[in-house]
Every structure is written in C-alpha cells, then in structure tokens.
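Chemist:
There are 2 protein chains.
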Amino acid sequence: MPRAVILLRGGLDSTTTAVIARSQGYELYALSIDYGQRHRIELRYAEQFARTLGVQAFKTLRIDLRAIGGSALTDDIAVPKERPLATMSEGIPVTYVPARNTILLSLALGYAETMEAFDLFIGANALDYSGYPDCRPEYLEAFQRMANLATQAAIEGRGHYRIHAPLLQWTKADIIREGVRLGIDYADTLSCYDPDEQGRACGRCDACQLRIKGFAEAGIPDPTKYQP
Amino acid sequence: MPRAVILLRGGLDSTTTAVIARSQGYELYALSIDYGQRHRIELRYAEQFARTLGVQAFKTLRIDLRAIGGSALTDDIAVPKERPLATMSEGIPVTYVPARNTILLSLALGYAETMEAFDLFIGANALDYSGYPDCRPEYLEAFQRMANLATQAAIEGRGHYRIHAPLLQWTKADIIREGVRLGIDYADTLSCYDPDEQGRACGRCDACQLRIKGFAEAGIPDPTKYQP
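Chains D and V supply the protein sequences, listed in that same order.
Numbering-wise, the working numbering puts 110 at position 110 of the first sequence, and it's gapless, one number per residue.
Numbering-wise, the working numbering puts 274 at position 46 of the second sequence, and it's gapless, one number per residue.
(1) Does the contact criterion of 3 or more C-beta pairs under 8 Å hold for the segment 253–261 of chain V versus the segment 414–429 of chain V?
(2) Identify the contact partners of Arg373 of chain V in chain D, using a Cβ-Cβ distance below 9 Å as the criterion.
(3) Decide if Thr52 of chain D is buried, meaning its Cβ has at least 16 other Cβ atoms within 10 Å, or exposed.
(4) Ile383 of chain V touches chain D at which residues, Cβ-Cβ below 7 Å?
(5) Report the three-state DSSP secondary structure of Arg432 of chain V (helix, strand or coil).
(6) Excluding the 5 residues preceding and the 5 following Arg290 of chain V in the sequence, name in chain order all residues of the same chain whose CB lies nearer than 7 Å to its CB.
(7) Roughly how many whole angstroms lie between the Cα atoms of Ile176 of chain D and Ala165 of chain D?
(8) Using the rule of at least 16 other Cβ atoms within 10 Å of the residue's Cβ for burial, across every protein chain shown, is Ala150 of chain D buried or exposed?
(9) Mapping the DSSP letters down to three states, classify Thr244 of chain V as helix, strand or coil.
(10) Below 7 Å on C-beta distance, what does Ser334 of chain V contact in chain D?
(11) Using a cut-off of 9 Å between C-beta atoms, extract the partners of Arg290 of chain V located in chain D.
(12) Between Ile184 of chain D and Glu178 of chain D, what straight-line distance do the alpha-carbon atoms span, to the nearest angstrom?
(13) Out of V:Cys363, V:Ala249 and V:Glu310, state which residue places its alpha-carbon closest to the alpha-carbon of Leu332 of chain V.
(14) Can you find the residues in the same chain that come closer than 6 Å, C-beta to C-beta, to Asn101 of chain D, ignoring five residues on each side of it along the sequence?
(15) Measure the Cβ-Cβ separation of Leu348 of chain V and Tyr389 of chain V and say whether it is below 9 Å.
(16) Please report the residue range of the beta strand (DSSP E) in which Ser191 of chain D lies.
(17) Thinking C-beta only, is Arg204 of chain D closer than 9 Å to Glu231 of chain D?
(18) With respect to the beta strand (DSSP E) encompassing Leu289 of chain V, which residues constitute its N-terminal and C-terminal limits?
(19) How long is the line joining the alpha carbons of Glu198 of chain D and Leu43 of chain D, rounded to whole angstroms?
(20) With C-beta atoms as the reference, is Ala57 of chain D less than 9 Å away from Met1 of chain D?
Quick look at the structure:
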C-alpha cells in the first residue's frame, strides 16, 4: 500500500478527506497541528477519529502561531457569530491565519519525507472558503511544484510529491454525502470555531452555519452535538 | 523604511544576511525557530546578536520537529566529526532536516504577512551546502512564486513577496569578508553543530571545519571560541 500523509483536524473536511484517501488504497500517516488554537478540543476529535479509522500513525505537532499573530483563531479577537451566509464569502474572514496552509503543508512535507510518503492529503475547500487564498488550485499546484524542488527524496528520484485536495471544488453537501457513503459518523467530528468544554458546537459561527446548511442541503439529519 | 523578516539562527550565514539586509535599508523583524535542536544555545546567540544589531522585533517560535523525525540535528544520531572536507559536498548530509527551509520560510511568511513585510531574508548558501536541495536558486524561486499565491496580502495587491538569499553563491570566505566589512564580530556567532554548555564550538563537525577554512581563506583571524 502506498503511504500518504493526511493533515487531520477533526472537522468535516479533513475527516472526509482521510476517509477518501483510505478508500483510494493509501496507508495513512495522520498529522495534527496544534497551532495554538483556542479550542484544543479539536485535536481530541482528530485523535479519536484517527483511532477509529485505524491509521498507521498519528502525530501531533505543537507550534505556537500566536507568536507570529494575526487571526481570530490564534489571537483574542472574538469569533464572529450569526454572520449572514451571503456575506461570508466576501473578502477574507477574520479567522484567516497568515500562511496557514503553507505552514501546515510544509510540516506535512517534512513528515512525508521522513516516512517516504509522496502523497499529501489536505481538506482544503475552495467553495465554502472562497476568501482564503491558500485554498485555490493555483496555490496548491505552486506548493506541489516547490515541494518537488525542496526535498532530498524528490531530488534523488525516489518519488514525486503530489498534493491531494479532493474536496477543493465540493460543496459542504457534496462532502457530507460522500462521507456518509464512506461510513463516517459526523457526530465524531467537530467543525465549530467556538465549542464548549464538552466539545459541543456553538451553532452560530461561520463553520457551524456552513455545516448546518450542508446537512440540510444533503438531506441528511445533522448528528452534531450542539450547546443547549 | 521597508520591513523585512530575517530568519536568524546565530551562525555565520544568518547573522551576515541580517547585516546585509540592514545595510540595504530594511527595518528588521527577526524570527528564530527553535525546532528541537540539541543545542538551544544557538538561539541565545541569535537573540544576543539581534539585540546588538538593534532589530525592530525578535521573535522565537518553538516547533518540535523531533515529532516528525529524520535528522542528526533533531534525532539522536551522532553529529559526524572530522569528515574530510572534500567528501562533505557528496550527497546529502545526515544533518539534513526534512523540508527544513520550506518549514522555516513558511513560518517567516506567516510572520511577514502579519507585519506587512514583503521581503524575507534567509542565509541559505548553495556552495558550502551543495547537498541540500532547499538551498538552490530554483527551489527559492518556486517558494517565492508559491508565496505570492498563498497570502491575503499578495492577493489583495498590497505587495509582492521576495525571498532574498544574498549568500546563495558565496564561499564562506566571501561571507566572512563581507561580514567583517559591515562590522560583524564573529565571536558573537556560533556555527557549531555540537557546542558545549558554554557555547564553545567543537572545531571538528562539518560546520566548524567549513568555518575554520573560511577564515583561513579570507585571511582573517578566527575569533571563534573553541572547546579546549
């Protein structure tokens, strides 16, 4: 079985991506990055999901991106709530983390090189996060090109790195339908930017709203645990 | 003054790069990455040098790359000593860290985006480290291209990222001559892969040997503090 590194967070997108990678025949090496998120509970979901899925290895890497600042997910800016869905895709959200996917993919690349894996999976999604520059195909292609110049394994011809973002053009409803078809219980995942201590979703942040809409559009009952 | 982010380690190359960036009129934001090196003393040198130079800000970011493994600098593989200079450039050294420059530049990019800096300086040097794939011009160009697709600041047209590696084609002697001309006291720097507790260099690892040779070729007395 070929090896793949999967960036796993514990939300809808990365868990579905992991299950897709598995369905394509990859042996999975999951990497979760704790980048100083306010809700580390996301990482507990990621680890539990990785165990349930039966990955080959699960690694957590801590990096305190608060040191370099710049986002509602890493600073103490309030997470916006109950924003109209129509305005979410306007401009770049305050939850944007500077160079986030570049940092995450770089770490995944380092892990992949160590493990002699050449396939990297990321749950990037361009439709629901149209404001994020690092969720676009041209960005991912540029990263892939760079990766194949960056590493000993590629230079020595032992393989060619490929960045897989299977959800890139999917709606949340598409993602949920495919995940359910592949057997995911989305009650085991967390998308919320502002969960409570018990890991229950707020139901009002951008991520929750997009997720709720996704389940509605997919015509699938939403199993998410919400705060009362 | 335009702002620049400089990846500062405390060795010969990054300190010289910092002084070159300063001489080109940049206001400097220094970023030191503690990636689980065995000798954190390197970071003390970096911070002290940054203070002496008078940078605008000095940030340290911890990331434990030992979690993803793969190198003498992060694992417990012995640092090679007294390797013949002629063999150093053969193949890729065991001190190679997977995707290191990609990870470091990604973090610098995140910091740069937060600070609205568009110039990133790195002390990459292709001659003395010919075995490192991520010290080659084609790699750095690919990274720069990717960076300009990755970030909000670039997408919104607020600037264009440039990766500067002024030492890329220089010999160690070139670097030392230019650094001395710009006023660096290299006694304040540390290149050694295996220093002692007092921060004194071993004199026998690859980095020490290249540095010793560089001072000899530059015809400049070597002020480095060596272990007795």
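All residues carry an ideal CB built from backbone N, CA and C; glycine is no exception.
In this text, all values refer to a predicted model and were calculated from it rather than measured experimentally.
Modeler: Per the coordinate set shown:
(1) no
(2) Ala142, Arg145 and Met146
(3) exposed
(4) Pro133
(5) coil
(6) Asp262
(7) 16 Å
(8) buried
(9) helix
(10) Ala99, Thr102, Ile103 and Ser106
(11) Arg62, Ile63, Asp64 and Ala67
(12) 9 Å
(13) V:Cys363
(14) Asp134
(15) yes
(16) No beta strand (DSSP E) holds Ser191 of chain D; DSSP gives it neither H nor E.
(17) Missing from the structure shown is residue 231 of chain D; chain D here goes from 1 to 228 and no further.
(18) Ala285 to Arg290
(19) Correcting the residue identity first, residue 198 of chain D is Gln in this sequence and not Glu. Near 13 Å, if we compare the C-alpha coordinates of Leu43 of chain D and Gln198 of chain D.
(20) no
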